[in-house]
Every structure is written in structure tokens, then in C-alpha cells.
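Step one of this worksheet: look at the structure below.
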Amino acid sequence: MKHDPKSFAAPQVRNAYGGGNLVADRVRRFQPMVRKLAWHVHGSGRSGIELDDLMQAGLVALTECAQKHDNPSEDGFAAYAKLRVRGAMVDLIRRATPLARPAADRRRQLRAHEATLATRLGRPGSEAELAAELHMTPRELVQLRAACEPVRIEPIDDAYSDSNLAFADDRPDSFAMLADQQMRAELASAIGALPERLQLIVQLYFAEELNLHEIAETLQVSVPRVHQLKAQAL
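Anchor point for the sequence shown: position 80 equals 79 in numbering that gives the first Met the number 0, and the numbering is continuous, going up by one each time.
Here it is, written out as C-alpha cells:
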């Protein structure tokens, strides 16, 4: 989601105590802190959230902090605001990636084991050595690495497209299927009305896919006779 840079301007908010100018001034002065935290969180590479969205969440949290901290004194405000702003950004990431915390915990544990193994061996350990260190099979290690990745939920509108072949349905539509069923029924009725010998010719030629010579051998007649019977049946 992209935002107009003007959207990051200090909000003109007036609290219940009439300290609108104080709130706006604090939001303006602490905007660099919001940007710094947003860049730091976004730079972790795990957020999956755009930088602008992180900054917007941080500015909302900063404004709320400025409204609640209506004392002109700056005592404790910077630390309080930093905690709330970062928390708002982390909450935004967690909402977008429900398994972010468990996945991050598993990832940290895995990296700790990798570091321990590398220290002991004097080099990065192989996948097999790391699996042995964790008392698991290489296949289980692959599954563990997969479990370390957070699950991200994306809007269906971002993934679905009528022109995307992945969503194409190669089945015929309902009208085509109905027409096909009707044609099959009419064909079966027409074949059923033929004499038994002609039905056999049609069966051998179309269903069994025998050629005229093979049908002639089966019925013990000449090829021209089979051709004649086939033309009669059709």
C-alpha cells in the first residue's frame, strides 16, 4: 500500500485538555524516530509488510502517545513513545503473519545450533552434521526449516485473476455438457434401432477401433462387404 508523503505530516489533533498544538509538535519532532524504527523493523527481512504501512502504524501509535502524555514535560515520553511505536509495528506484522512468533523462535533455536556446531568444527556444519546435532534425520531437518518460515495470508484479490492459467477450469461448461449428453443419448438410440449386424459393425469400428480388414476377418466376409455394411449403418 502506497501513501502520499503528506499523510505523514503531523496530525492536527486536539485532546480533551486543549493541547492540540502540543500533540502536533510532539508528533512532528518524533517523526524521525518513527522512520528509524520502521526502517529497522522492515530491514529485518521477515515482516512482509511495506515500509509505508509500518510508518503509518507507527505514526498512529505516536499520536496516541502524544494525546495521552499531555504533560508539557518530556520526562519519560521518548522511551514510552518508542516502546508503543515499535509495538504497533510488531503487532501489524503479527496480524499479517499469524505464526511469526513461533517461527521466529524455531529459527533462533536453529541458528543457535548452527553456531554451536560451527564453533566446534571450525567451519559451517553440513546438513547431515546439523541433523545429527539435533538428533533428527535430514528429512526432519528439512521439515524443521520449512516450519521456521511464517505463514503469510494474502488477499485473494492479490492472487486470483481470471486470466491466470492456474485458476483455469478445463472442463466444459454446463451447456456443453448437456448438449454432449443429449447427443450421446440420440446416438445410442439411433444405433439401437439398427439391425444387430449393423450394430456390431458400428461397435467394432468405433468402439473397438478395428479397421475394415480386421472387421472382415472377424465377421468372415470380404472387405468390400464390410465397407458396404458400414456405409449402410451410417
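We put the CB at the ideal spot given by N, CA and C, even for glycine.
Small disclaimer: the values here were computed from a predicted structure and weren't measured.
Using a Cβ distance threshold of 8 angstroms, determine whether the segment 101 to 108 contacts the segment 57 to 70, with at least three qualifying pairs required. no
Within 10 angstroms of its Cβ, does lysine 5 collect 16 or more other Cβ (buried), or is it exposed?
In the sequence shown, residue 5 corresponds to position 6, counting from 1. In this prediction, lysine 5 has a pLDDT of 45, which is less than 50 and means its spatial position is unreliable; nothing more can be read from the coordinates.
For glutamine 108, which three-state DSSP category applies? Position 109 of the sequence shown, counting from 1, holds the residue named residue 108. Helix at glutamine 108.
Q) leucine 193 by DSSP, collapsed to three states: which one? A) Your numbering for residue 193 matches position 194 in the sequence shown. DSSP places leucine 193 in coil when its eight states are reduced to three.
message = As a quick exercise: from Met32, Met88, Thr115 and Ala114, pick the residue whose alpha carbon is nearest that of histidine 41.
response = Counted from its first residue, the sequence shown places residue 41 at position 42. Looking at the Cα atoms, Met88 is the closest of the given residues.
Best match in Glu185, Gln227, Gln181 and Ala114 for proximity to leucine 197 [C-alpha to C-alpha]:
To locate residue 197, count along the sequence shown from 1; it is residue 198. Ranking the options by Cα distance to leucine 197, first place goes to Gln227.
Notebook entry, point to check: Hey, valine 240 and methionine 54: beta-carbon distance below 8 angstroms or not?
Noted result: What is shown of the chain runs 0 to 233, which leaves residue 240 out entirely.
| request: Check isoleucine 48 in the structure and name its three-state DSSP category. | output: Residue 48 sits at position 49 when you count from the first residue of the sequence shown. Note: isoleucine 48 maps to coil in three-state DSSP.
- [ ] Helix, strand or coil for glutamate 213, going by three-state DSSP, please let me know.
- [x] For the purposes of this step, residue 213 is taken as the residue at position 214 of the sequence shown. The answer is helix: DSSP assigns glutamate 213 an H, G or I state.
* Closest by C-alpha distance to proline 194, when choosing among Thr217, Leu233 and Leu140 -> The residue you call residue 194 lines up with position 195 of the sequence shown. Comparing Cα positions, the closest option is Leu233.
Margin query: Judging by CA-CA distance, which residue of Ile48, Asn20, Gly121 and Arg28 is the nearest neighbour of arginine 93?
Written below: Here residue 93 corresponds to residue number 94 of the sequence shown, with the count starting at 1. Nearest C-alpha to arginine 93: Ile48.
Notebook entry, point to check: When the distance is taken between beta carbons, is valine 201 closer than 8 angstroms to isoleucine 214?
Noted result: If you number the sequence shown from 1, residue 214 lands on position 215. If you number the sequence shown from 1, residue 201 lands on position 202. No, these two residues do not count as a Cβ contact at 8 angstroms.
Worksheet item: My guess is that alanine 130 and leucine 140 are in contact by the Cβ rule of under 8 angstroms, so how many angstroms apart are they, rounded?
Response: Here residue 130 corresponds to residue number 131 of the sequence shown, with the count starting at 1. Here residue 140 corresponds to residue number 141 of the sequence shown, with the count starting at 1. Contact flag correct, Cβ pair sits at about 4 angstroms.
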